[in-house]
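Residue numbers (our numbering), protein chains in the order written: chain A, 71 to 328; chain B, 71 to 328; chain C, 71 to 328; chain D, 71 to 328.
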């Protein structure tokens, strides 16, 4: 508890550089805005990494030193090296957290963790979105009211091809007639995954205080649990199982071991 | 499989008798409309029962002979005798199905099975409802497209105070800005429960062919499984457990321990 | 986070007074042993309440000031006043946590929250129990290895008639041939519930350091989330919904529909 | 319902050919034994496919004509062509069922659908296994008693690195001290997945009548649901949404918003 949660905010960082308007919306990049929000929270230390850095900024050292990854990507999912995805995947199954944002639904890491296509409906029409809380006691909604309202967002609609969440946290309403499971929680391996829908690159969503609060809550929720991790593979009889040994001895070879 | 699913459609049957307009909408009662829809489906045999019949129409014989209950109630939940609720509860935990419709969310039987308040938001404003399918492979949506649209319905909104569903089947969009988990599946005891939102008494919802299809699919899904049910209580060592007996004999101890 | 989690450990406290041997095992009562374990943990403040105190020690003040209840009962479930159960039930749905231990599976509060019989198989035979962790990343197992082993415990066996857990944390192995879902997590209302199996009154289980660690982890996990809680009932159009008002004005109809 | 469920039983079919004893246990291969069991059930038509056939016996035609796949593999998971795995994966997400047996937990198709390592503990020691039913109302346990007992099986133990099942059906007890979530159900895309543990190649498990019953029940449960499947991608406003068009016309704005 004394140790801060070390978050690495990963961003593709292409839209901001290619499109002037998006660049003006996020002058420090989407990653910069998200990290700024996280660093304003006690007990969280956020750094950033982007696609065009060496190893996408996700070196062995960075990955090993990350408690929770935040992932934003959109137009360049295919440019992410499979070997780096392997590395992050392994770290998550080993206990780290992952917060997948918006168009990150199509990232390699999220699709791999879900096992489904992660497809959805979408429309860019500056629609109003209302994210209704459906899990009122979950730590991810601490400090959040009955819903979060965003004046303008891209629409994402069902069917969203994801596994049934372990807990469903938010359901979004969109002005044009669609709904979306916009906050979904998964346990995978010893790690935790939170998908959170908002954050199209053309809107100021990641400066929104409630959105920042949710991402911060999720980072704390997704932090690794400190414990001896499971051992897999061929399993010897457990040494101190006295009744077991006794039984073995008496029966001369019968029983679970031989 | 050869045996038909025996459905008992239970209805409070008060609105239809007290309000002329509702009576005209459902001349044979809400139960009559639902049973008509069910009886048009191969392999289903539906009968009806109503609040003001002796024992609410749910005698021991009726309950014992019911595979799946459909439940519609609204203004008179409090008039339902606790002893009858006990009887239905026991039958459901013993393997029968329960389909709770619309304002039945506040019925004694549903609240008892859920353990929560089952509260929600509501508004009567002739709003458009769109029930989006979020579980595309579930048998309850057989024959149903991406969504069901109802021109006019009462709004029910989140937060809906229910346990996290075992599977979430539908999420509703409402014109006025709300969403609702409108189709939710639960296993309880050896029985199955499906909550399905639509069906305010002032609309013709239960004549809608898609709504009827969903209720019919749910009746088949919720039918009891034929098997020897679990035995509870003090458990003797299982007789044919040879290694166990041998061990017992050798150690002269009590039971399984030595 | 700065505020401690206020735990009320409730115990029936009958076995310890009626049976000399059990009294010697738990000289300060089962509640005393559990509270002692909790109070040794930073950030937790535990007090106790027992059946034979006025209002079972669960006055309005105590209940309102409790973040997490721990519940142990066995021979006197029927003596618990329904009005007190109502009070605790309401507080849990409003956000408090509940940790139900061992024979508390048959308590009124747990059965009411589950909606099922909560029946199970059992046998008193001083059997070895091994609680295997099946959710390696859940905060409840922080600091716990692959399994917890108890040399002697009462056997509880499947089928355990509970709803499918939101997350299953432990599965127990028993020497005599049974298994049991021995750690199970539920969200209910705005509250959280953890059922944890071990702790028969004749064993020293609640002095076991690992068992104490699990109960402490669970208390932290189950603590209320600080937020504005949902409002239920008739819902007016939300005031700042400008598009909605505009539409309303144009169509001269009521509310959201035209 | 009139149409039979078309099952393709896929088997690696290497152990039976390389090891004389295993070949004698399964003279028609593991696939032959499983298909024989399935073909004895009304409404199921099973055929087989094996690794060393062209395209592993899973041509486009076979895959398109399969409602439910059964998958057994062990020593040659790596020899399965990724392109064939793609084909089967796509078919499952599109609605087909998949029953993964025993060491198939490490198959490419199962790991891809789960997104986790699917690792576990194991031991070959001719141990007794007891599969306890924990979901008494699920159609997969139709006709099955409180548990299935197998005199000798390979041990598989927790932690089993899979996602939390949508429904947990069986939990196994093993003589040597381990437990295992041995029957687990998942919805993925429009398809359904059932993992079922028993069936080590050295035992006669697939001739066991109860094991055959479970596999048959699972085949019926996993059969595709007949319906129009979801459409993904860029979504136009829905044509018959009259209020939507009206609003659009009035505001002269783009799309759904004003």
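The C-beta atom is built at its ideal place from N, Cα and C for all residues, glycine as well.
These numbers were taken from a predicted model, which means no experiment stands behind them.
Chain B contact for residue 187 of chain C (CB, 8 Å cutoff): Locating residue 187 of chain C in the third chain gives position 117, counting from the first residue. Yes, contact with chain B.
Identity of the residue in C:262, C:103, C:250, C:113 nearest residue 192 of chain C by Cα: Walking along the third chain from the start, residue 192 of chain C turns up at place 122. Comparing Cα-Cα distances from residue 192 of chain C to each of C:262, C:103, C:250, C:113, the minimum goes to C:250.
Bounding residues of the alpha helix (DSSP H) (the contiguous stretch that carries residue 95 of chain B): Along the second chain, one-based indexing puts residue 95 of chain B at 25. Here the alpha helix (DSSP H) through residue 95 of chain B covers 90 to 95.
Neighbourhood of residue 115 of chain C by C-beta distance below 6 Å, restricted to the same chain and skipping five residues each side: Taking the third chain and counting its residues from 1, the one referred to as residue 115 of chain C is at position 45. Hits under 6 Å: 74, 76.
Neighbouring residues, chain B, relative to residue 163 of chain C (Cβ below 8 Å): By one-based count along the third chain, residue 163 of chain C stands at place 93. Ordered by position in chain B, the residues that pass the 8 Å Cβ test against residue 163 of chain C are 186, 187, 231.
Partners in chain B for residue 214 of chain D, counting only beta-carbon separations shorter than 7 Å: Position 144 of the fourth chain holds residue 214 of chain D. Neighbours of residue 214 of chain D on chain B, chain order: 297.
Against chain B: residues of the stretch 201 to 213 of chain A by CB proximity under 9 Å: Of all residues in the stretch 201 to 213 of chain A, 202, 203, 204, 205, 206 have a Cβ within less than 9 Å of some Cβ in chain B.
For residue 185 of chain D, the three-state DSSP class (helix, strand or coil): Looking up residue 185 of chain D in the fourth chain gives position 115. Correct three-state label for residue 185 of chain D: coil.
C-beta neighbour in chain B for residue 219 of chain C, strict 8 Å: Reading the third chain from its first residue, position 149 is the one you call residue 219 of chain C. No, residue 219 of chain C does not count as interfacial toward chain B.
Host alpha helix (DSSP H) of residue 109 of chain D (start-end): Stepping through the fourth chain from its first residue, residue 109 of chain D is reached at position 39. Segment 99 to 109, the alpha helix (DSSP H) holding residue 109 of chain D.
Rounded straight-line distance, which links the Cα of residue 222 of chain D to that of residue 91 of chain D: By 1-based counting over the fourth chain, the position of residue 91 of chain D is 21. By 1-based counting over the fourth chain, the position of residue 222 of chain D is 152. Residue 91 of chain D and residue 222 of chain D: Cα-Cα distance of roughly 16 Å.
Residue 291 of chain B at chain A interface by Cβ criterion, 8 Å: Mapped onto the second chain, residue 291 of chain B falls at position 221. It does not; no Cβ of chain A falls within 8 Å.
Nearest candidate by alpha-carbon position, reference residue 303 of chain A, set D:229, D:208, D:190, D:248: Residue 303 of chain A sits at position 233 when you count from the first residue of the first chain. Distances from the CA of residue 303 of chain A to each of D:229, D:208, D:190, D:248 were compared; the closest alpha carbon is that of D:190.
Where residue 247 of chain A sits in the DSSP three-state scheme: In the first chain, the residue the question calls residue 247 of chain A occupies position 177. DSSP places residue 247 of chain A in the coil class of the three-state scheme, outside both helix and strand.
Residue-chain proximity (residue 261 of chain C, chain A), Cβ-Cβ < 8 Å: Your numbering for residue 261 of chain C matches position 191 in the third chain. Taking 8 Å as the CB threshold, residue 261 of chain C lines the interface with chain A.
Residue span of the alpha helix (DSSP H) that contains residue 286 of chain C, given as start and end: To locate residue 286 of chain C, count along the third chain from 1; it is residue 216. 279 to 292 is the span of the alpha helix (DSSP H), which, as asked, contains residue 286 of chain C.
Reference residue 245 of chain A; option with closest CA among B:254, B:199, B:264: On the first chain, position 175 is the one that residue 245 of chain A refers to. That would be B:199, whose Cα lies nearest to the Cα of residue 245 of chain A.
Nearest-angstrom Cα separation, counted from residue 247 of chain A out to residue 144 of chain D: Against the fourth chain, residue 144 of chain D aligns to sequence position 74. Against the first chain, residue 247 of chain A aligns to sequence position 177. Rounded to whole angstroms, residue 144 of chain D to residue 247 of chain A spans 48 Å at the Cα level.
Residues near residue 338 of chain A in its chain [Cβ-Cβ closer than 6 Å; skip 5 each side]: Because chain A here runs from 71 to 328, residue 338 of chain A falls outside it and cannot be looked at.
Beta-carbon neighbours of residue 257 of chain A, restricted to chain C and to distances below 8 Å: Along the first chain, one-based indexing puts residue 257 of chain A at 187. Neighbours of residue 257 of chain A in chain C, taken as residues whose beta carbon is under 8 Å from its own, are 205, 207, 208, 237 in chain order.
8 Å CB neighbourhood of residue 157 of chain A in its chain, flanking five on each side removed: On the first chain, position 87 is the one that residue 157 of chain A refers to. In its chain, beyond the 5 residues on either side, 128, 130, 133 have a beta carbon closer than 8 Å to the beta carbon of residue 157 of chain A.
Residues near residue 93 of chain B in its chain [Cβ-Cβ closer than 6 Å; skip 5 each side]: Stepping through the second chain from its first residue, residue 93 of chain B is reached at position 23. Only 86 meet the Cβ criterion.
Any C-beta of chain A under 8 Å from that of residue 249 of chain B: To locate residue 249 of chain B, count along the second chain from 1; it is residue 179. A Cβ of chain A is located within less than 8 Å of the beta carbon of residue 249 of chain B.
Cβ neighbour criterion (16 or more within 10 Å) applied to residue 196 of chain B: Looking up residue 196 of chain B in the second chain gives position 126. By the neighbour-count rule (16 or more Cβ atoms within 10 Å), residue 196 of chain B is buried.
DSSP-derived helix/strand/coil call for residue 193 of chain B: Position 123 of the second chain, counted from the start, is the residue given in the question as residue 193 of chain B. Strand at residue 193 of chain B.
Segment contact flag, the stretch 252 to 271 of chain D with the stretch 229 to 236 of chain A, C-beta cutoff 8 Å, min 3 pairs: Touching, per the Cβ criterion.
Interface flag, residue 223 of chain A vs chain D, CB-CB below 8 Å: As a working mapping, residue 223 of chain A is identified with position 153 in the first chain. It does not; no Cβ of chain D falls within 8 Å.
Neighbour flag for residue 228 of chain A against chain B, beta carbons, 8 Å: Working through the first chain from its first residue, we reach residue 228 of chain A at position 158. Chain B, which has a Cβ nearer than 8 Å to the Cβ of residue 228 of chain A, makes this yes.
Residue(s) in a DSSP beta bridge with residue 304 of chain A: Here the question's residue 304 of chain A lines up with position 234 in the first chain. DSSP output for residue 304 of chain A lists D:192 as bridge partner(s).
Residue 83 of chain B in three-state terms, based on DSSP: Against the second chain, residue 83 of chain B aligns to sequence position 13. Coil at residue 83 of chain B, not helix or strand.
Cβ-based neighbour list, residue 265 of chain B, same chain, cut-off 6 Å, excluding 5 preceding and 5 following: Numbered from 1 along the second chain, position 195 holds the residue referred to as residue 265 of chain B. Apart from sequence neighbours up to five positions away, the residues of its chain that approach residue 265 of chain B with a beta-carbon distance below 6 Å are 170, 254, ordered along the chain.
Chain-ordered chain C contacts of residue 241 of chain D [CB-CB under 8 Å]: What you label residue 241 of chain D is simply residue 171 of the fourth chain in a count that begins at 1. Residues of chain C passing the Cβ test: 228, 241, 249, 251.
Bounding residues of the beta strand (DSSP E) (the contiguous stretch that carries residue 236 of chain A): If you number the first chain from 1, residue 236 of chain A lands on position 166. Taken as a continuous stretch (DSSP letters only), residue 236 of chain A belongs to no beta strand (DSSP E), as it is neither H nor E.
Where residue 137 of chain D sits in the DSSP three-state scheme: Residue mapping note: residue 137 of chain D aligns to position 67 of the fourth chain, counting from 1. When DSSP states are grouped into helix, strand and coil, residue 137 of chain D belongs to the coil group.
Contacting residues, own chain, Cβ-Cβ under 7 Å from residue 135 of chain D (five flanking each side not counted): Within the fourth chain, residue 135 of chain D is the residue found at index 65, counting from 1. Taken in chain order, the residues that qualify are 76.
Residue range of the unbroken beta strand (DSSP E) whose run includes residue 121 of chain D: If you number the fourth chain from 1, residue 121 of chain D lands on position 51. Per DSSP, residue 121 of chain D lies in no beta strand (DSSP E) and is assigned neither H nor E.
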